[in-house]
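*Asks:* Here UniProt numbering is used: position 295 in the sequence shown is 295, and no number is missing along the way.
Starting off with a structure, shown below.
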Amino acid sequence: MILIRFEGVNGSPVISGICIRKAPKVSVPSATKEYLKCSKCAAEIEVSSAQKKLMQAKATSNYEKKIQQLTLQCQQKTNECHEAWMSLTEASEQLEKVRMELDNKTFRTRSLDQTVEKQAETLRNIKNMYKHDKEYWAVAINDLQEKIKTMKKEHSQLSREAHECADSVPELSNMVAGVQALVAQCEDLKLKYSEEQAKRKELYNQIQETKGNIRVFCRCRPLSKEEISAGCATVVDFDSAKDGDLGIGISGSTKKAFKFDRVYTPRDHQVDVFADAAPLVISVLDGYNVCIFAYGQTGTGKTFTMEGTEQNRGVNYRTLEKLFEIAKERRETFMYDISVSVLEVYNEQIRDLLATSPTSKKLEIKQSSEGFHHVPGIVEAKVSNVREVWSVLQAGSNARAVGSNNLNEHSSRSHCMLCIMVKTKNLMNSECTKSKLWLVDLAGSERLARTDVQGERLKEAQNINRSLSALGDVIYALATKSNHIPYRNSKLTHLLQDSLGGDSKTLMFVQISPSEKDLSESLSSLNFATRVRGVELGLARKQVDTSEMQRMKTMLDKARQESRSKDESLKKLEETLQNLEGKSRGKDQIYKNQQEKIKELEGQLELKTSIHGQSEKHVSQLSERLKGREEICSSLQQKVKELEAKLRERQQSESASFQQKVKEMESKLKEQVQDFESHSLMLRQKIKKLEKQVQEQEQNSEAALLRSKIMEVEDKLKQQELQLQCKLNLCSADVMGFTPREGMSYTRDEELIKEIEPCILRSSNSINRPMSQGSILPKGSSLFNETRKKRHSRSSETENIATTTNMGRKSDPPRVARVMKTTKPVTTATTQGLLSHKRSNRDQVQGIKERDSKKKIWSR
Ligand SMILES: Nc1ncnc2c1ncn2[C@@H]1O[C@H](COP(=O)(O)OP(=O)(O)OP(=O)(O)O)[C@@H](O)[C@H]1O
């Protein structure tokens, strides 16, 4: 191939034609003598042409040997550089692998970190949810526990109430049944009792009635000491006193007989007197109005009989004592309410002896709506025992004494009236009665006969006479069964209206004196008493308290209503009990359900707790794994750092060693270059000399041959210089950049080619120059032409290889060595050219392999 370059031509040159001519044969000059200058002494030495040729051959061979040595050294250096570069490439590959692994591990670590982070986030969310659920369930469990507690309490309370109700129901029913039976029995007994009582009362009343509702007991006091001392005789005959017969000796042997219900001799005791009066007292407790009064002459013992003394209690005290005694006996069947009032009637005026403070208000007798007569405003002292009775009586007696200096005189001029009000309630049949017992100590009856008194005494006497007359009139009216009973003629009879006559029982003590000087008075009293005794009172009527009856009726109605309401409430209670039992059953069911719910919740809680534990374990495992991964990562990072440090150190060391080697090589090459330069200088000088000789001996063929050889040597030298320069550049480039780069290599190749091409051209020019410019070289020299042809062919081959290399090396790493190998001059022998050609082929194959392998590495 012929490479034609158009340098410095503008536009598009057109090749019109190339003329290639065969060089004319150069005629070999005849052997001539030549002079060589000694290098040491600069002496010119005459040498023959043969010797000179021999010397030139020897020098050429020496140069060739040196060139070969240098070529070998260069090759060795190139190999070393190649090996170093290969080791560097391997290190880079290892580093790349390590980096890749590191990247992979980093990527895995990051992915693991992300996974762990996600799992941790998920676990945190689960943990938060679990916490929230736990708190919610804890609150719910607490609420449920509180509810359960309250429900348990309610349940226990309801159970207790239910049990109580259930227990009480049979007891209550039993009690009700028992009470009903008892009530029936009681009713029966009551009926029987009331019947018996009625019979007893009837019989008692019959007995009383047989005795008379108004009875008169005659009591004669003993002769007083004064009368005994005065020698007064006794006119009273007590022979038949036991039979109620009393004889009064009027004169001589004439006696007037009186008949009374009882006659008491002076020897009879208070007890005996009261024993006969007691049945009437008992009648008060049975609900009858009773009036016991003492009538008689002053000083005959009325007060003694009614009040008595502390040693000999009278009827009043004994009556109350008896009343309390009987009330005590009857307390299981009767309830008594006893109150006492003490009045005094003086001059037709009522005086309250129990009043604590004197009052100017006049006490009047009123009749209530029920028909009872009472004195509004008087003190009704409630007494519950005998001691209180005595104190009350004593208070009355004391109050009575206040109005008079002489007690006896005063007592004889006023009526002392003790009213005992008895309220009775029959506990068996709830029958209530209200009765009164009047115990009256009348004023002295002798005043009736005395009309000679004046003034106050007269008034007293008139009042006493009026009241006693009124009493007689009332009794008379009762005896004659008059339609009108003049009770209101005196305060005495008006007060005694309820207890005197008619429906009441009356007992009259007629007190007489045994003394003959009081005979008339005694007869008067006895006559009065006889008239009283003659009164035939009607049947005594039980004083039933109608208001009490009404009250009892209302109470009965109330009791019935209460009974009905109680029955209703009992039914309601039963219904409530049933409802409570139902509620209790419902609450039991709710309690059971809630217990089941609690169990379920506890199970869920346990499950959640186990899940939480598992999740915590998982979290701990993951955290441990994370820690392990982090440790691995940190260790890997540490390793990476170490590797990087090692790599840096290695790179530094390698770069240092490379730099050192390069420096060494540079220095060696510089030395070699210097040597070469010196040699080349010498050779150039020699060449100049030879050229001179050649010019001188242009006709000499040997000289032409030598000239061609010199040219070849010159080319070799230039090529070697060029190679060395390229090596230096490459080494410096490799040292500067450890990682070969495509563009750089390409640029370097181009630069190399640019550097090589001028050399070639220069060499070719240098060769052609004599031809074109009419060189001094013989035009017909065949050897020179062959050599030039070979050189041209090789240079064009080199150029072609370089072009092909450039064409197919866009992605190849630099192949300086190969380029250098291809640019190696092959000028000497044909064998050498063949060897170099083979080697260049082998290098090409190796370069392709390396290029492929490096391409793989760099692509990866
Ligand atoms: N049965 C009797 N036994 C013993 N002494 C009697 C008896 N009756 C009366 N006496 C005595 O006679 C005296 C007068 O009695 P008493 O004062 O009771 O009479 P009186 O009728 O009440 O008089 P007056 O009308 O003035 O009150 C008293 O000292 C009393 O002790």
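Glycine included, each C-beta is placed from N, C-alpha and C at the ideal position.
Bear in mind that the values here come from a model prediction, so they are computed numbers and not experimental data.
List the residues that DSSP assigns as beta-bridge partners of C218.
*Replies:* Looking up residue 218 in the sequence shown gives position 218. C218 is bridged to V263 and V510.
*Asks:* Kindly identify the DSSP beta-bridge partner or partners of I338.
*Replies:* On the sequence shown, residue 338 is found 338 positions in, with the first residue counted as 1. I338 pairs with V422.
*Asks:* Once DSSP output is grouped into helix, strand and coil, what is the label at C19?
*Replies:* Here the question's residue 19 lines up with position 19 in the sequence shown. It is coil, neither helix nor strand.
*Asks:* For ligand 1, any of its heavy atoms closer than 6 Å to the Cβ of K302?
*Replies:* Counting from 1 along the sequence shown, the entry for residue 302 is found at position 302. Answer for K302: yes, Cβ within range of ligand 1.
*Asks:* Hey, quick one: how far does the alpha helix (DSSP H) through residue 871 stretch, first residue to last?
*Replies:* No information on residue 871 is available, as it lies outside the stretch 1 to 860 that the chain covers here.
*Asks:* Mapping the DSSP letters down to three states, classify G472 as helix, strand or coil.
*Replies:* As a working mapping, residue 472 is identified with position 472 in the sequence shown. The answer is helix: DSSP assigns G472 an H, G or I state.
*Asks:* Which value, in whole angstroms, describes the spacing of the CA atoms of I365 and H374?
*Replies:* What you label residue 365 is simply residue 365 of the sequence shown in a count that begins at 1. What you label residue 374 is simply residue 374 of the sequence shown in a count that begins at 1. Approximately 6 Å between the Cα atoms of the pair.
*Asks:* Assuming D261 and R215 are in contact, meaning their beta carbons sit under 8 Å apart, how far apart are those beta carbons, in whole angstroms?
*Replies:* Position 261 of the sequence shown, counting from 1, holds the residue named residue 261. Position 215 of the sequence shown, counting from 1, holds the residue named residue 215. At roughly 4 Å, the Cβ-Cβ gap stays under 8 Å, so D261 and R215 are in contact.
*Asks:* Output the distance between the C-alpha atoms of S12 and R5, rounded to the nearest integer angstrom.
*Replies:* Here residue 12 corresponds to residue number 12 of the sequence shown, with the count starting at 1. Here residue 5 corresponds to residue number 5 of the sequence shown, with the count starting at 1. Roughly 12 Å separates the two Cα atoms.
*Asks:* Any heavy atom of ligand 1 closer than 6 Å to the beta-carbon of P279?
*Replies:* Walking along the sequence shown from the start, residue 279 turns up at place 279. Because no heavy atom of ligand 1 lies under 6 Å away, the Cβ of P279 does not count as near it: no.
*Asks:* Kindly indicate which residue of I67, H82, P358 and Q185 has the alpha-carbon position closest to the one of G377.
*Replies:* Numbered from its first residue, the sequence shown carries residue 377 at position 377. It is P358 whose Cα lies nearest to the Cα of G377.
*Asks:* In the DSSP assignment, find the unbroken alpha helix (DSSP H) run with Q297 in it and report its ends.
*Replies:* Walking along the sequence shown from the start, residue 297 turns up at place 297. Where Q297 is concerned, there is no enclosing alpha helix (DSSP H), given that its DSSP letter is neither H nor E.
*Asks:* Here's a check: name, in chain order, each residue in its chain whose Cβ is nearer than 6 Å to the Cβ of E227, leaving out the five neighbours to either side.
*Replies:* Looking up residue 227 in the sequence shown gives position 227. Excluding residues within five positions, the ones whose Cβ falls inside 6 Å are S515.
*Asks:* Should D222 be listed as close to ligand 1, given that the test is whether its C-beta is under 6 Å from any heavy atom?
*Replies:* For the purposes of this step, residue 222 is identified with residue 222 of the sequence shown, where counting begins at 1. The displayed chain sequence assigns Pro, not Asp, to residue 222. P222: yes, Cβ under 6 Å from ligand 1.
*Asks:* Assuming L605 contacts W137 under a Cβ cut-off of 8 Å, what Cβ separation, rounded to an integer in Å, is found between them?
*Replies:* For the purposes of this step, residue 605 is taken as residue 605 along the sequence shown, with counting starting at 1. For the purposes of this step, residue 137 is taken as residue 137 along the sequence shown, with counting starting at 1. Right, the Cβ-Cβ distance comes to about 6 Å (below 8 Å), so this counts as a contact.
*Asks:* So who's on the other strand from L439, going by DSSP bridges?
*Replies:* Residue mapping note: residue 439 aligns to position 439 of the sequence shown, counting from 1. Per DSSP, I292 and L418.
*Asks:* With a threshold of 6 Å on Cβ separation, who are the neighbours of L320 within its own chain once the five nearest residues in sequence on each side are excluded?
*Replies:* Counted from its first residue, the sequence shown places residue 320 at position 320. So the qualifying residues of the chain are V389.
*Asks:* Any heavy atom of ligand 1 within a distance shorter than 6 Å of the CB on T298?
*Replies:* Reading the sequence shown from its first residue, position 298 is the one you call residue 298. For ligand 1, at least one heavy atom lies less than 6 Å from the Cβ of T298.
*Asks:* At a cut-off of 6 Å, would you count G308 as near ligand 1, judging by its Cβ distance to the nearest heavy atom?
*Replies:* Position 308 of the sequence shown, counted from the first residue, corresponds to residue 308. Checking every heavy atom of ligand 1 against the Cβ of G308, none is found closer than 6 Å.
*Asks:* Tell me which same chain residues have a C-beta within less than 7 Å of the C-beta of Y35, skipping the five on either side of it?
*Replies:* As a working note, residue 35 is residue 35 in the sequence shown. So the list reads E44, I45 and E46, once near-sequence residues are dropped.
*Asks:* Just verifying my parser: in three-state terms, what is the DSSP assignment at T115?
*Replies:* By one-based count along the sequence shown, residue 115 stands at place 115. Reduced to three states, the DSSP call for T115 is helix.
*Asks:* Could you tell me the alpha carbon to alpha carbon distance between Q51 and E654, rounded to whole angstroms?
*Replies:* Position 51 of the sequence shown, counted from the start, is the residue given in the question as residue 51. Position 654 of the sequence shown, counted from the start, is the residue given in the question as residue 654. Approximately 53 Å, taken between the alpha carbons.
*Asks:* So, using beta-carbon positions, are I512 and S520 closer together than 7 Å?
*Replies:* For this step, residue 512 is matched to residue 512 along the sequence shown. For this step, residue 520 is matched to residue 520 along the sequence shown. No, the Cβ-Cβ distance between I512 and S520 is not below 7 Å.
*Asks:* Determine the direct distance from the alpha carbon of T309 to that of K423, and round the result to whole angstroms.
*Replies:* Mapped onto the sequence shown, residue 423 falls at position 423. Mapped onto the sequence shown, residue 309 falls at position 309. Their backbone Cα atoms lie some 28 Å apart in a straight line.
*Asks:* I need the straight-line Cα distance from W85 to K105, nearest angstrom please.
*Replies:* Position 85 of the sequence shown, counting from 1, holds the residue named residue 85. Position 105 of the sequence shown, counting from 1, holds the residue named residue 105. Going from the Cα of W85 to the Cα of K105 covers about 29 Å.
*Asks:* Between G8 and the rest of its own chain, which residues show a CB-CB distance below 8 Å, the 5 nearest in sequence each way excluded?
*Replies:* As a working mapping, residue 8 is identified with position 8 in the sequence shown. None.
*Asks:* May I have the straight-line CA-CA distance separating K692 from Q56, to the nearest angstrom?
*Replies:* Locating residue 692 in the sequence shown gives position 692, where the first residue counts as 1. Locating residue 56 in the sequence shown gives position 56, where the first residue counts as 1. Distance between the alpha carbons of K692 and Q56 is about 15 Å.
*Asks:* Smallest Cα separation from F334: which of T60, I326 and L418?
*Replies:* Along the sequence shown, one-based indexing puts residue 334 at 334. For F334, the nearest C-alpha among the options comes from I326.
*Asks:* Between the Cα of K328 and those of F658, I282, E187 and G314, spot the shortest distance and give me the residue it belongs to.
*Replies:* Residue mapping note: residue 328 aligns to position 328 of the sequence shown, counting from 1. Of the listed residues, the one whose Cα sits closest to K328 is I282.
*Asks:* How many whole angstroms separate the CB atoms of V440 and F258, which I take to be in contact at a CB cut-off of 8 Å?
*Replies:* Position 440 of the sequence shown, counted from the first residue, corresponds to residue 440. Position 258 of the sequence shown, counted from the first residue, corresponds to residue 258. Contact flag wrong, Cβ pair sits at about 22 Å.
*Asks:* Rounded to whole angstroms, what is the Cα-Cα separation between R99 and R629?
*Replies:* Numbered from its first residue, the sequence shown carries residue 99 at position 99. Numbered from its first residue, the sequence shown carries residue 629 at position 629. Looking at the two C-alpha atoms, the distance is approximately 19 Å.
*Asks:* Ordered along the chain, which non-local residues of its own chain (more than five positions away) have a Cβ less than 8 Å from that of S16?
*Replies:* Mapped onto the sequence shown, residue 16 falls at position 16. Closer than 8 Å at Cβ, skipping near neighbours: no residue.
*Asks:* Quick check: is any heavy atom of ligand 1 less than 6 Å from the C-beta of G444?
*Replies:* Here residue 444 corresponds to residue number 444 of the sequence shown, with the count starting at 1. Checking the Cβ of G444 against ligand 1 gives yes.
*Asks:* K597 to L144, Cα distance in whole Å?
*Replies:* By one-based count along the sequence shown, residue 597 stands at place 597. By one-based count along the sequence shown, residue 144 stands at place 144. K597 and L144: Cα-Cα distance of roughly 9 Å.
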